[in-house]
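Chemist:
Residue numbers (the numbering used here): 27 to 588.
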């Protein structure tokens with residue numbers, strides 16, 4: 027049966043199991059929009075208000091499901107706006123496919139209206155934004171390109187793929203059928219490497235596991251837990267992958283990221299064997315490449331990663347194993363441990379250090395942020411999805427909130443390791459729309475206004491998120507760095523803000539403002555019971571700049587150095 031290519035494209039997405047597509051409509055892919063209309067009973071086009079928000083929602087969907095999140099944008103400005111989500115998916119190792127409506131084939135290479143060279147812009151490289159960029163000129167090959175895009179996005183190190191859709195191609199009549207659903211290919215650890223890993227463990231006295239990165243499933247997380255239990259290993263979660271290992275488990279040692287517990291940093295440096303299972307070992311997880319120094323760390327290093335290209339790229343590992351997380355964890359859990367292990371006290375003290383780090387420092391002001399996080403821990407359901415963008419505000423959740431995580435069956439953290447501001451609000455909305463689970467977002471005043479317009483998307487599509495917005499009147503992270511480097515020279519970091527509670531109400535959310543800790547818990551309980559979303563604006567003292575210290579303290583320390 028013949029049909030227009032735009033309809034075939036939508037059928038190809040349905041065949042890949044896609045249920046939600048996020049995007050901003052454009053005239054360059056009207057035929058595909060008509061396909062979404064024709065198949066609206068099987069696939070939902072979520073209308074966003076800006077392409078950056080749409081791409082973040084697709085990336086969040088990919089994190090939640092393990093299958094590519096899908097975003098549709100128009101040419102030129104639409105694609106460039108969406109690039110922030112593509113870059114996030116690349117650095118966070120998240121499967122994603124971005125479809126870009128493009129100029130017609132007979133107008134190419136003339137700098138036509140909004141024309142962009144997408145291969146050059148998104149182009150695959152060691153520092154690129156996409157794993158693959160392809161243009162589909164022949165509508166009969168749509169099934170081939172879509173299936174390949176999904177396979178590329180999921181296989182090896184997960185990541186984004188960009189498919190460019192010429193406007194005239196989408197309107198042509200074609201006789202073709204969608205290809206079957208693509209599944210990720212498992213790469214298994216070779217037996218010889220597993221034997222070598224076991225020998226390295228037997229020779230160790232102070233081992234440490236860092237788990238994280240893309241490609242984890244509940245089954246893989248459960249297998250990792252059994253491996254750690256068999257060998258009584260301390261486990262830390264890589265930067266913003268804090269749901270990889272259960273934070274309540276007695277083997278948990280804390281998150282290895284920004285604002286790192288100083289005792290944990292010292293422990294990693296003192297370790298004689300690091301088992302890095304899944305993470306890239308990037309700048310944030312290694313504290314600027316100081317916990318492990320490249321190109322060859324002082325500690326023995328076993329690096330397990332789904333991408334052969336990632337292994338031995340930054341760190342020369344003593345043992346590199348190319349395996350997907352599901353296969354690696356299942357291989358590790360059957361490694362036989364000896365009856366006694368010399369590092370049991372080391373593991374117990376690692377967890378004790380983590381527990382001690384949950385005790386907060388005294389900070390000024392009427393808002394007690396650790397108490398607010400404790401209220402979240404008390405009232406949010408165990409499967410709640412917590413999201414955030416980039417900024418010091420996120421450190422409250424990172425340090426004090428404890429994820430049961432994937433081992434309990436749910437991914438519960440959506441946070442950009444790429445450090446993109448504006449991610450949390452659309453990610454929370456996507457989680458609500460796609461899963462129906464409780465979605466909680468912590469945001470800063472600067473961070474919120476990057477994509478706050480997506481509250482309109484939530485209201486239009488029945489999404490409900492709870493947003494705690496910390497308002498301190500500045501870009502706090504930048505101000506912190508300013509005071510360290512240029513004390514008392516405030517420039518470019520001050521903010522003049524709207525009434526955020528009133529703005530939320532204008533979109534259809536409930537909006538409230540609090541200035542004292544005691545006001546928070548009742549508002550949270552009310553938000554959970556409410557049918558629509560809620561924004562709780564928290565007026566935070568600008569002095570409370572980190573979880574450990576004050577802005578004036580940073581300034582004074584910097585002045586003393588000068």
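Glycine included, each C-beta is placed from N, C-alpha and C at the ideal position. Since the structure is predicted, the reported quantities are computational estimates derived from the model, not experimental observations.
Tell me, please, which residues DSSP counts as bridged to residue 329.
Modeler: Position 303 of the chain shown, counted from the first residue, corresponds to residue 329. Paired residue(s): 302 and 346.
Chemist: The alpha helix (DSSP H) with residue 352 in it runs from where to where?
Modeler: For the purposes of this step, residue 352 is identified with residue 326 of the chain shown, where counting begins at 1. Residue 352 -> alpha helix (DSSP H) spans 351-358.
Chemist: For residue 282, does the three-state DSSP call read helix, strand or coil?
Modeler: Here residue 282 corresponds to residue number 256 of the chain shown, with the count starting at 1. In the structure shown, residue 282 sits in a strand (DSSP, three-state: E or B).
Chemist: In its own chain, which residues sit with a C-beta less than 6 Å from the C-beta of residue 268, not counting the 5 before and 5 after it?
Modeler: Locating residue 268 in the chain shown gives position 242, counting from the first residue. Result list for residue 268: 281, 429 and 439, in chain order.
Chemist: For residue 72, does the count of other Cβ atoms within 10 angstroms reach 16, so buried, or fall short, so exposed?
Modeler: For this step, residue 72 is matched to residue 46 along the chain shown. Buried is the call here.
Chemist: Report the rounded CA-to-CA distance for residue 318 versus residue 506, giving the unit in angstroms.
Modeler: As a working mapping, residue 318 is identified with position 292 in the chain shown. As a working mapping, residue 506 is identified with position 480 in the chain shown. Approximately 26 Å, taken between the alpha carbons.
Chemist: Give me the Cβ distance between residue 333 and residue 510, rounded to the nearest whole Å; I'm assuming they're in contact under 8 Å.
Modeler: Locating residue 333 in the chain shown gives position 307, where the first residue counts as 1. Locating residue 510 in the chain shown gives position 484, where the first residue counts as 1. Not confirmed; about 36 Å, so no contact.
Chemist: Do you know offhand how far residue 92's Cα is from residue 218's?
Modeler: Along the chain shown, read from residue 1 onward, the residue named residue 92 stands at position 66. Along the chain shown, read from residue 1 onward, the residue named residue 218 stands at position 192. Cα to Cα, residue 92 sits roughly 29 Å from residue 218.
Chemist: Any idea if residue 514 is buried or exposed, counting beta-carbon neighbours within 10 angstroms, 16 or more meaning buried?
Modeler: Residue numbering aside, residue 514 sits at position 488 when the chain shown is read from its first letter. Under this definition residue 514 is an exposed residue.
Chemist: Decide if the region 47-61 is in contact with the region 189-206; the criterion is three or more beta carbon pairs, one per stretch, under 8 Å apart.
Modeler: The region 47-61 vs the region 189-206: in contact.
Chemist: Can you tell me which residues form a DSSP beta bridge with residue 128?
Modeler: Position 102 of the chain shown, counting from 1, holds the residue named residue 128. Answer by DSSP bridge pairing, in chain order: 192.
Chemist: How is residue 414 classed by DSSP in three states: helix, strand or coil?
Modeler: For the purposes of this step, residue 414 is taken as the residue at position 388 of the chain shown. Reduced to three states, the DSSP call for residue 414 is strand.
Chemist: Just mark residue 225 as buried or exposed, buried being the case when its beta carbon has 16 or more other beta carbons within 10 Å.
Modeler: The count along the chain shown starts at 1 and reaches residue 225 at position 199. Result: exposed.
Chemist: Can you list, in chain order, the residues of its chain with a C-beta nearer than 7 Å to that of residue 103? Leave out the 5 residues immediately preceding and following it.
Modeler: As a working mapping, residue 103 is identified with position 77 in the chain shown. The answer, listed in chain order, is 140.
Chemist: Shortest alpha-carbon distance to residue 204 belongs to which of 374, 533, 176 and 391?
Modeler: Counting from one through the chain shown, the residue named residue 204 turns up at place 178. Among 374, 533, 176 and 391, the Cα nearest to that of residue 204 is on 176.
Chemist: Here's the rule: buried if 16 or more other CB atoms are within 10 angstroms of the residue's CB, otherwise exposed. What is residue 512?
Modeler: Your numbering for residue 512 matches position 486 in the chain shown. Residue 512 comes out exposed.
Chemist: So what does residue 183 bridge to, in DSSP terms?
Modeler: Here residue 183 refers to the residue found at position 157 when the chain shown is read from its first residue. Its beta-bridge partners do not exist; DSSP assigns none.
Chemist: From the DSSP secondary-structure annotation, give me the bridge partner or partners of residue 142.
Modeler: Here residue 142 is taken as the residue at index 116 of the chain shown, counted from 1. DSSP lists no partner for residue 142.
Chemist: Tell me the residue span of the alpha helix (DSSP H) that contains residue 526.
Modeler: Here residue 526 corresponds to residue number 500 of the chain shown, with the count starting at 1. 526-533 is the span of the alpha helix (DSSP H), which, as asked, contains residue 526.
Chemist: How do the region 241-261 and the region 361-373 stand: do at least 3 beta-carbon pairs fall below 8 Å, yes or no?
Modeler: The region 241-261 is in contact with the region 361-373.
Chemist: Taking contact to mean at least 3 C-beta pairs separated by less than 8 Å, is the region 474-490 in contact with the region 77-96?
Modeler: Verdict: yes, contact present.
Chemist: Using a Cβ-Cβ cutoff of less than 8 Å, which residues in the same chain neighbour residue 132 once the five nearest sequence positions on both sides are dropped?
Modeler: Taking the chain shown and counting its residues from 1, the one referred to as residue 132 is at position 106. The residues are 194.
Chemist: If you drop the 5 nearest sequence neighbours on each side, which residues of the same chain put their C-beta closer than 8 Å to that of residue 485?
Modeler: Taking the first residue of the chain shown as 1, we reach residue 485 at position 459. Result list for residue 485: 533, 534, 535, 558 and 559, in chain order.
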